[in-house]
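Data block below; observations after.
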Amino acid sequence: MGGPVDPTVINLVVFVLAVFVGYHVIWNVTPALHTPLMSLTNAISSVIIVGAILAAAPAELDFGSVLGVIAVALASVNVAGGFLVTQRMLQMFRKKQK
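For what it's worth, this note's numbering labels the leading residue of the sequence shown as 59, then goes sequentially.
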C-alpha cells in the first residue's frame, strides 16, 4: 500500500484538477474580463505551440513526434480562432461611425 505511485495516476489527477479549476475560473469571471482572458489563453496556446514543435522535432518518427504534430495543428487552430473571437469582442466596444 505504501509503494510508489504510478506517474500516469499523478498526471490524471493533475489533469482532472486543472479541468475543475479552469471550469470554475472561466464561469465565475465577470463579463468585462472576458477579452483579457481570451488574450491570455491565446498567449498560453502559443507557448503550447512552441513546446509541441520541440516535441515534434526529433528525426525519428515515434509516438511523441506524432502527438507533437497533432498538438501543433490543434493549438494553431485554437490560437487563430481565439484571435478571431477576440477581434469580434473588441469591435463591440468601438464607437459606431455615422
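We put the beta carbon where it would ideally sit given N, CA and C, even for glycine.
Could you check the C-alpha separation between G122 and L98 for me, to the nearest Å?
As a working mapping, residue 122 is identified with position 64 in the sequence shown. As a working mapping, residue 98 is identified with position 40 in the sequence shown. Rounded to whole angstroms, G122 to L98 spans 27 Å at the Cα level.
Short of 6 Å in beta carbon distance, which residues of its chain neighbour A129, apart from the five on each side in sequence? Order them along the chain.
Taking the first residue of the sequence shown as 1, we reach residue 129 at position 71. Once the five neighbours on either side are set aside, the close Cβ partners of A129 are A110.
Which residue spans inside the segment 88 to 144 form an unbroken beta strand (DSSP E) run of at least 3?
Counting only runs that start and end inside the segment 88 to 144, there is no beta strand (DSSP E) element of at least 3 residues.
If you compare alpha carbons, which of A114, T144, L112 and V108 is closest to A90?
Residue numbering aside, residue 90 sits at position 32 when the sequence shown is read from its first letter. Measuring from the Cα of A90, the nearest candidate turns out to be T144.
By the 10 Å Cβ neighbour count, where 16 or more other Cβ atoms means buried, how is G140 classified, buried or exposed?
Counting from 1 along the sequence shown, the entry for residue 140 is found at position 82. G140 is buried by the Cβ-count criterion.
Taking a contact to mean a Cβ-Cβ separation below 7 Å, would you say V87 touches L75 in this structure?
In the sequence shown, the residue the question calls residue 87 occupies position 29. In the sequence shown, the residue the question calls residue 75 occupies position 17. No; because the gap between Cβ atoms is not below 7 Å, this pair is not in contact.
Along the alpha helix (DSSP H) that carries V63, what are the first and last residues, could you check?
One-based indexing of the sequence shown puts residue 63 at position 5. Careful: V63 lies outside any alpha helix (DSSP H) and carries neither H nor E.
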